[in-house]
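Note sheet for the following structure.
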Amino acid sequence: MPHGYAMAPHTHATGQLVYAAAGTLATTTERGTWVAPANRVTWTPPGFAHSHRFYGRTDARLLTIPVDLCGELLDHPSVFAVSPLLREAVLTLTGDRPEKRSGAHRRLLAVVIDELSDTPEQSLHLPEAADDRLRAVTNLLHADPARPATLAELGRVAGASERTLSRLFHSELGMSFHRWRTILRIHHALAHLAEGMSVTDTAMACGWSNPSSFIDAFNEVVARPRQLPDGPAQQPRGAVAVGPGRAPRVAPHSWRVFGIVCPFAGW
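Numbering follows the numbering used here, in which position 239 of the sequence shown is assigned residue number 327; successive positions increment by one, without gaps.
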């Protein structure tokens, strides 16, 4: 898919997995947006109206999941990391010569379902607000994710107190204001990196004061399974420290993603 390619909102009678072998994919529904960088897979259950947008030159593989197998997966859109076994199964099922022997296709689908059932959901979902006051704040940040305003300052623009907005972030979006803004910035950062922007320029464009703080946030959000609570993320095996302005140094078995080398052994 070329950079910026967008698919209009649509639905499927079956489930759909989209594997981003390269580039970055954003999937948007009424519940918010999920972003999948390279070596991630997005899951959309049957009947969910959704749209896609692709960043960078994306190699996307689409896999249909029969309705009778969808009950084994989550009942809401989600993003998962891709294990080597899952990757090979998806590539085989979506390749130029997909497995067509009697029963073999179904058995490979069962492998995909089994792998996803044991894989933690990733923290790459950005929920959207329904409350008008909260939506006024999130719209301001969508328009300018680097905006350094505090919640109190944004509240004065939206006509709501800091306390009210803080409560709405937790009750309606399930996370703090700081967490929501961080995920928003990571979404924008993934798009910039897919376009070939440098780590330093991406950090500045998305509101971080320096590349190091951006890299810390990137590691914390992108590497964290959704089930883990907020707090310092465990350093992924194979992760390495990087200096300001430099792309991450290659770690053993790293994956090359969106034009830079990502320092995660399992990425």
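All C-beta atoms in this analysis are idealised placements derived from N, C-alpha and C, irrespective of residue type, glycine included.
Residue i burial status per 10 Å Cβ neighbour count (16 or more: buried)
{"i": "Ser297", "result": "exposed"}
{"i": "Gly103", "result": "buried"}
{"i": "Met285", "result": "buried"}
{"i": "Val200", "result": "buried"}
{"i": "Leu197", "result": "buried"}
{"i": "Pro172", "result": "exposed"}
{"i": "Ala108", "result": "buried"}
{"i": "Ala217", "result": "buried"}
{"i": "Gln315", "result": "Only weak support is given to the placement of Gln315: the predicted model assigns it a pLDDT of 41, under 50, and the value that follows is read from those uncertain coordinates. Exposed."}
Residue i versus residue j: straight-line alpha-carbon distance, rounded
{"i": "His140", "j": "Leu150", "result": "12 Å"}
{"i": "Ala357", "j": "Pro133", "result": "Examination of residue 357 is not possible in this model, given that the chain is present from 89 through 355 alone."}
{"i": "Arg195", "j": "Leu181", "result": "11 Å"}
{"i": "Gly319", "j": "Val309", "result": "Unreliable placement is indicated for Gly319, whose pLDDT of 40 sits below 50; the coordinate value is still reported in the next sentence. Their backbone Cα atoms lie some 10 Å apart in a straight line."}
{"i": "Leu222", "j": "Asp184", "result": "47 Å"}
{"i": "Asn127", "j": "Glu203", "result": "14 Å"}
{"i": "Val330", "j": "Phe306", "result": "Any reading at Val330 must be qualified, since the residue scores a pLDDT of 35, below 50, and its modelled position is unreliable; the value itself is stated next. Looking at the two C-alpha atoms, the distance is approximately 12 Å."}
{"i": "Cys294", "j": "Gly191", "result": "48 Å"}
{"i": "Gly333", "j": "Asp304", "result": "With a pLDDT of 39 at Gly333, under the threshold of 50, the predicted position of this residue should be treated as unreliable, though the coordinate-derived value follows. Cα to Cα, Gly333 sits roughly 14 Å from Asp304."}
{"i": "Arg269", "j": "Glu260", "result": "15 Å"}
{"i": "Arg366", "j": "Glu283", "result": "The structure shown does not extend to residue 366, since the chain spans only 89 to 355, so no value can be given for it."}
{"i": "Ala240", "j": "Arg251", "result": "8 Å"}
{"i": "His361", "j": "Thr115", "result": "The structure shown has nothing for residue 361, since the chain only spans 89 to 355."}
{"i": "Met263", "j": "Arg145", "result": "32 Å"}
{"i": "Leu179", "j": "His193", "result": "12 Å"}
{"i": "Asp220", "j": "Phe136", "result": "24 Å"}
{"i": "Ser300", "j": "Thr238", "result": "22 Å"}
{"i": "Phe257", "j": "Ser249", "result": "12 Å"}
{"i": "Leu242", "j": "Ser254", "result": "11 Å"}
{"i": "Leu161", "j": "Pro236", "result": "39 Å"}
{"i": "Asp206", "j": "Ala96", "result": "31 Å"}
{"i": "Met356", "j": "Phe302", "result": "Residue numbering for the chain in the displayed model covers 89 to 355; residue 356 lies beyond these limits and cannot be assessed."}
{"i": "Gly409", "j": "Ile271", "result": "For the chain, the structure presents residues 89 to 355; residue 409 sits outside this window and is missing."}
{"i": "Arg175", "j": "His164", "result": "22 Å"}
Extent of the continuous alpha helix (DSSP H) to which residue i belongs
{"i": "Asp289", "result": "287-293"}
{"i": "Ser300", "result": "299-310"}
{"i": "Ala110", "result": "No alpha helix (DSSP H) holds Ala110; the beta strand (DSSP E) holding it covers 103-117."}
{"i": "Phe142", "result": "Note, Phe142: premise wrong, no alpha helix (DSSP H); beta strand (DSSP E) at 138-153."}
{"i": "Ala96", "result": "Counting along the chain, Ala96 falls outside any alpha helix (DSSP H), though it belongs to the beta strand (DSSP E) covering 94-98."}
{"i": "Thr226", "result": "220-231"}
{"i": "Gly262", "result": "Segment: none, Gly262 is in no alpha helix (DSSP H) and carries neither H nor E."}
{"i": "Gly183", "result": "Taken as a continuous stretch (DSSP letters only), Gly183 belongs to no alpha helix (DSSP H), as it is neither H nor E."}
{"i": "Leu239", "result": "239-246"}
{"i": "Asp202", "result": "192-205"}
Residue interval of the beta strand (DSSP E) (run including residue i)
{"i": "Thr166", "result": "First, the amino acid is wrong: residue 166 is Ser here, not Thr. Per DSSP, Ser166 belongs to the beta strand (DSSP E) from 166-169."}
{"i": "Pro215", "result": "213-215"}
{"i": "Gly120", "result": "120-124"}
{"i": "Thr132", "result": "128-132"}
Proximity below 7 Å, CB of residue i to CB of residue j
{"i": "His276", "j": "Pro233", "result": "yes"}
{"i": "Thr288", "j": "Leu281", "result": "no"}
{"i": "Trp131", "j": "Leu105", "result": "yes"}
{"i": "Val129", "j": "Val170", "result": "yes"}
{"i": "Ala246", "j": "Ala224", "result": "yes"}
{"i": "His138", "j": "Thr121", "result": "no"}
Spatially closest choice to residue i from the options, by CA coordinates
{"i": "Phe265", "options": "Ile303, Leu214, Asn307", "result": "Leu214"}
{"i": "Gln210", "options": "Ser166, Glu118, Leu105, Ala246", "result": "Ser166"}
{"i": "Ala110", "options": "Phe306, Val245, Ala246, Tyr143", "result": "Tyr143"}
{"i": "Leu228", "options": "Leu113, Arg273, Met95", "result": "Arg273"}
{"i": "Leu113", "options": "Ser205, Leu212, Met292, Arg267", "result": "Leu212"}
{"i": "Tyr93", "options": "Asp147, Ala231, Arg119", "result": "Asp147"}
{"i": "Thr152", "options": "His100, Ala124, Thr238", "result": "His100"}
{"i": "Ala279", "options": "Thr117, Ala124, Ala96, Gly120", "result": "Ala124"}
Cβ of residue i within 7 Å of any chain B Cβ
{"i": "Leu151", "result": "This model lacks chain B altogether, as it is built from one protein chain only."}
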